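Per the UniProt record's numbering, residue 1 is the first one in the sequence shown, and the count goes up by one each step.
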Amino acid sequence: MPSIDVLADRLSTYLDDDQVNLVRRAYFYAEQAHDGQRRRSGEAYVTHPLAVACILADMHMDHQSLMAAMLHDVIEDTGIAKEALDTQFGESVAELVDGVSKLTQMNFETKAEAQAENFQKMAMAMARDIRVILVKLADRLHNMRTLEVLSGEKRRRIAKETLEIYAPIANRLGMHSMRIEFEDLGFKAMHPMRAERIRTAVKRARGNRKEIVNKIEESILHCLAREGMEGEVSGREKHLYGIYQKMRGKRRAFNEIMDVYAFRIVVDKVDTCYRVLGAVHNLYKPLPGRFKDYIAIPKANGYQSLHTTLFGMHGVPIEIQIRTREMEELANNGIAAHWLYKSNEEDQPKGSHARARQWVKGVLEMQQRAGNSLEFIESVKIDLFPDEVYVFTPKGRIMELPKGSTAVDFAYAVHTDVGNTCIACRINRRLAPLSQALESGSTVEIVSAPGARPNPAWLNFVVTGKARTHIRHALKLQRRSESISLGERLLNKVLASFDSRIDKLSPERVQAVVAEYHQEVLEDLLEDIGLGNRMAYVVARRLLSDNGEALPSSEGPLAIRGTEGLVLSYAKCCTPIPGDPIVGHLSAGKGMVVHLDSCKNIGEIRHNPEKCIQLSWAKDVTGEFNVELRVELEHQRGLIALLAGSVNAADGNIEKISMDERDGRISVVQLVVSVHDRVHLARVIRKLRGLIGVIRITRARG
Ligand code: MN
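So, in structure tokens, the structure goes:
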């Protein structure tokens with residue numbers, strides 16, 4: 001284990017003195033913060049962050065990442081606040097440490113299994129800065145390297161998580177070397193016996209194979225020389241976990257896997273790759289169907305190489321990878337290669353995000369050239385530039401939603417019925433507004449009530465197409481059924497004055513009139529009446545026109561129950577409440593709007609039977625009705641509380657309150673109060689009158 005001085009020396013090969021000093025300072029801060037804490041191995045705790053920083057130094061990461069590495073366990077393990085780090089080391093470093101801590105706190109194990117891929121995405125989405133992931137990967141790598149000291153159970157848990165989450169993340173980011181190390185260490189910890197058996201078998205096979213490997217290598221080198229090409233040829237061995245997976249996944253025997261001889265040829269430029277390919281195909285016969293051109297069509301993580309399999313002497317299969325030096329570096333280090341090999345070039349963007357972006361851009365371009373960008377966008381771009389959120393259901397299932405999604409989007413993603421009947425939500429066990437945008441990692445629980453219906457206001461904040469479509473659809477259905485029932489009542493009311501009803505008329509006659517209005521079924525016509533597009537009066541005349549009688553002009557009023565829903569609304573201008581004399585104004589498309597009989601806004605059309613109909617309140621009318629009151633009173637302290645107290649005392653509810661000061665002494669308060677009916681309103685007014693200083697109370701009427 002190198003000391004901080006050794007590390008600082010190493011850093012000075014690619015960082016400024018100032019930057020190296022900042023890393024030193026972070027080290028000493030961590031040393032002090034972790035003072036007295038020890039690792040399971042007995043070493044001082046600070047050796048761990050130092051080792052993590054060393055891993056990142058090998059990747060030539062910037063000084064902020066190294067500082068974050070030094071401090072990465074400080075928030076979690078020593079209780080030092082993020083703000084303190086902010087003051088000491090600046091916002092970027094504090095954010096990095098905070099991001100790493102959040103990832104550490106995520107307990108992958110308690111959640112449902114078989115969702116490893118979503119966890120990877122979630123982890124990525126939670127880390128806004130790619131350096132957080134890289135520091136976390138380095139942290140995990142050091143923990144994996146020092147895993148033996150842990151108890152069996154803990155060791156297996158960490159190993160499993162590494163295999164399921166961190167190795168794939170390293171793979172996504174193209175960091176092949178790190179992925180291999182994760183996999184082999186994880187495999188050894190999970191299945192020590194199997195790992196050991198394979199290791200000894202490989203060792204034995206290596207001895208037997210040595211002669212053949214050398215022969216093949218020689219013949220390839222000879223072939224390259226003959227063609228006048230230069231290249232490094234090296235034998236490759238599969239890593240233990242790779243062999244294990246092949247044995248399990250493809251059900252191959254160990255010998256079958258080991259009978260394949262694998263080589264890599266690294267050359268100077270792309271052109272040479274193809275020429276070398278031609279040469280080796282000339283040397284040994286290629287196996288049909290096994291050639292892959294990952295240079296023209298790179299893998300999702302940007303991996304590039306030519307792959308081919310040849311029949312060697314005596315029919316021995318030889319797998320060959322051909323690539324340039326640069327491809328080799330990218331294949332091993334992926335996104336980290338941008339720090340490793342390009343950090344000193346002047347024209348490279350400086351910020352980490354810019355670098356990550358550049359890597360993504362580079363891979364994206366490769367993919368686009370290959371006409372195969374879809375897979376890449378799926379697997380990498382989303383992760384690095386999170387435009388998705390990942391949240392848990394209460395049972396631990398992960399849902400993937402577009403950024404900005406709300407609990408309503410979530411509810412519809414779970415199930416249409418859940419969406420349609422949702423009334424509230426809990427985010428991380430706390431009640432939260434349905435409109436709140438969800439954050440990755442939250443647990444979302446939907447509270448639903450049978451018979452509840454979607455709220456039209458949801459359309460203002462939902463972001464998913466699914467939620468939008470289903471809300472619209474549900475509202476349409478709801479509106480239709482309400483319109484039909486209102487239309488039926490309106491029509492029956494007119495018919496009643498003839499001692500008739502829809503169901504007393506002959507079905508033929510009804511169908512004939514329905515057809516006259518170019519509708520298919522009676523419901524359509526009733527819906528039209530309910531929506532105010534057609535007058536019940538006119539339709540009734542048509543239905544009865546066989547009788548040739550004129551309709552009487554005086555009809556009993558239609559009773560309003562307060563439960564008509566979307567097709568019936570109460571005019572904002574005069575706010576009628578049960579007990580008030582009312583009329584209904586039929587406006588096309590909006591259905592019926594209930595006004596006070598005395599409302600000025602309908603003065604002109606009041607007696608036009610085509611537009612207005614007489615209404616009454618049903619005896620069993622239910623609901624809360626808003627009414628606006630204007631209270632003039634002497635100005636006094638605590639006036640609003642006094643008013644609210646009185647309204648409350650009369651079981652009323654204040655929906656809105658606003659105050660104008662008329663002069664220094666008199667205030668005018670506008671109150672919107674919800675009440676059941678006029679009797680209830682009278683009670684509220686009486687209470688208000690009882691207040692000291694009240695001069696006048698009037699009800700607003702349009
Ligand atoms: Mn750590």
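Cβ atoms here follow ideal geometry from the backbone N, Cα and C, with glycine treated the same way. Only a predicted model underlies this, so the values are computations on that prediction, with no experimental measurement involved.
Any non-hydrogen atom of the ligand GDP within 8 Å of residue i CB
{"i": "methionine 178", "result": "Absence of the ligand GDP is noted for the structure shown, with the ligand MN being the only ligands found."}
Where residue i falls: helix, strand or coil (DSSP)
{"i": "residue 706", "result": "There is no way to answer for residue 706, as the model of the chain reaches only from 1 to 702."}
{"i": "glutamate 439", "result": "coil"}
{"i": "glutamate 76", "result": "helix"}
{"i": "cysteine 599", "result": "coil"}
{"i": "serine 219", "result": "helix"}
{"i": "threonine 464", "result": "coil"}
{"i": "arginine 689", "result": "helix"}
{"i": "aspartate 620", "result": "coil"}
{"i": "glycine 584", "result": "strand"}
{"i": "residue 703", "result": "Residue 703 lies beyond the residue range present for the chain, which begins at 1 and ends at 702; the question has no answer from this structure."}
{"i": "histidine 307", "result": "strand"}
{"i": "leucine 85", "result": "helix"}
{"i": "glutamate 400", "result": "strand"}
{"i": "glutamate 604", "result": "coil"}
{"i": "leucine 56", "result": "helix"}
{"i": "threonine 406", "result": "strand"}
{"i": "asparagine 626", "result": "strand"}
{"i": "serine 646", "result": "helix"}
{"i": "isoleucine 297", "result": "coil"}
{"i": "phenylalanine 385", "result": "At phenylalanine 385 the pLDDT is 43, less than 50, meaning the model places this residue with poor confidence and gives no usable figure here."}
{"i": "arginine 561", "result": "coil"}
{"i": "glutamine 614", "result": "strand"}
{"i": "tyrosine 261", "result": "strand"}
{"i": "lysine 395", "result": "coil"}
{"i": "valine 668", "result": "strand"}
{"i": "leucine 633", "result": "strand"}
Contacting residues, own chain, Cβ-Cβ under 6 Å from residue i (five flanking each side not counted)
{"i": "tyrosine 412", "result": "Gly419, Lys466, Ala467, His470"}
{"i": "arginine 542", "result": "Val513"}
{"i": "arginine 426", "result": "Glu445"}
{"i": "valine 391", "result": "Met399, Leu438, Ser442, Val444"}
{"i": "lysine 136", "result": "Val100, Leu103"}
{"i": "proline 657", "result": "It is worth fixing the name first, because residue 657 is isoleucine in this sequence and not proline. The answer, listed in chain order, is Leu671."}
Bounding residues of the alpha helix (DSSP H) (the contiguous stretch that carries residue i)
{"i": "residue 703", "result": "A query on residue 703 cannot be resolved here, the shown segment of the chain reaching from 1 to 702 and no further."}
{"i": "leucine 330", "result": "325 to 333"}
{"i": "alanine 656", "result": "In the sequence as presented, alanine is not what sits at residue 656; that position holds lysine. Note, lysine 656: premise wrong, no alpha helix (DSSP H); beta strand (DSSP E) at 653 to 661."}
{"i": "glutamate 91", "result": "91 to 105"}
{"i": "valine 539", "result": "536 to 544"}
{"i": "valine 132", "result": "130 to 145"}
{"i": "tyrosine 274", "result": "270 to 283"}
Sequence-distant residues of its chain with Cβ nearer than 7 Å to residue i (five each side left out)
{"i": "arginine 290", "result": "Thr308, Thr309"}
{"i": "leucine 505", "result": "Leu543"}
Same chain, Cβ closer than 8 Å to residue i, five either side skipped, listed in chain order
{"i": "tyrosine 570", "result": "Pro576, Val593, Val594, Phe625, Asn626"}
{"i": "aspartate 620", "result": "Arg561"}
{"i": "alanine 588", "result": "Leu531, Gly532, Asn533"}
{"i": "glycine 487", "result": "Leu525, Leu526, Glu527, Asp528, Ile529, Gly530, Leu531, Ala536"}
Enclosing beta strand (DSSP E) for residue i [first to last residue]
{"i": "leucine 505", "result": "Segment: none, leucine 505 is in no beta strand (DSSP E) and carries neither H nor E."}
{"i": "glutamate 232", "result": "232 to 236"}
{"i": "phenylalanine 392", "result": "388 to 392"}
{"i": "threonine 416", "result": "Run containing threonine 416: none in the beta strand (DSSP E); it sits in the alpha helix (DSSP H), 416 to 420."}
{"i": "tyrosine 166", "result": "It is not in any beta strand (DSSP E) - tyrosine 166 carries neither H nor E in the DSSP assignment."}
{"i": "asparagine 243", "result": "Note that residue 243 is isoleucine in the sequence shown, not asparagine. It is not in any beta strand (DSSP E) - isoleucine 243 instead sits in the alpha helix (DSSP H) that spans 240 to 249."}
{"i": "leucine 459", "result": "Taken as a continuous stretch (DSSP letters only), leucine 459 belongs to no beta strand (DSSP E), as it is neither H nor E."}
{"i": "arginine 696", "result": "694 to 699"}
{"i": "valine 46", "result": "Element bounds for valine 46: n/a, residue is neither H nor E."}
{"i": "isoleucine 446", "result": "444 to 448"}
The ligand MN site residues, beta-carbon cut 5 Å against heavy atoms: My final list is Asp73, Asp139.
Sufficient close CB pairs (3 or more, under 8 Å) joining the region 42 to 54 to the region 84 to 103: No: fewer than three Cβ pairs fall under 8 Å.
Inter-stretch contact (C-beta, 8 Å, three-pair minimum) for the region 241 to 259 and the region 214 to 230: The region 241 to 259, when compared against the region 214 to 230, does not touch it at the 8 Å Cβ threshold.
Three CB pairs or more closer than 8 Å across the region 275 to 286 and the region 223 to 237: Judged by Cβ distances under 8 Å, the region 275 to 286 makes contact with the region 223 to 237, as three or more pairs qualify.
Cβ pair count under 8 Å reaching 3, the region 489 to 501 against the region 525 to 537: Cβ pair count under 8 Å is three or more, so yes.
Inter-stretch contact (C-beta, 8 Å, three-pair minimum) for the region 317 to 333 and the region 255 to 263: The region 317 to 333 is in contact with the region 255 to 263.
The region 177 to 189 contacting the region 152 to 162, beta-carbon criterion three pairs below 8 Å: The region 177 to 189 is in contact with the region 152 to 162.
Contact between the region 632 to 642 and the region 602 to 617 (3+ Cβ pairs under 8 Å): Between the region 632 to 642 and the region 602 to 617 there are fewer than three C-beta pairs closer than 8 Å, too few to call the two in contact.
The region 11 to 21 contacting the region 51 to 71, beta-carbon criterion three pairs below 8 Å: Because the criterion of three Cβ pairs below 8 Å is met, the region 11 to 21 and the region 51 to 71 touch.
Any 3 or more C-beta pairs closer than 8 Å across the region 237 to 246 and the region 265 to 274: Because the criterion of three Cβ pairs below 8 Å is not met, the region 237 to 246 and the region 265 to 274 do not touch.
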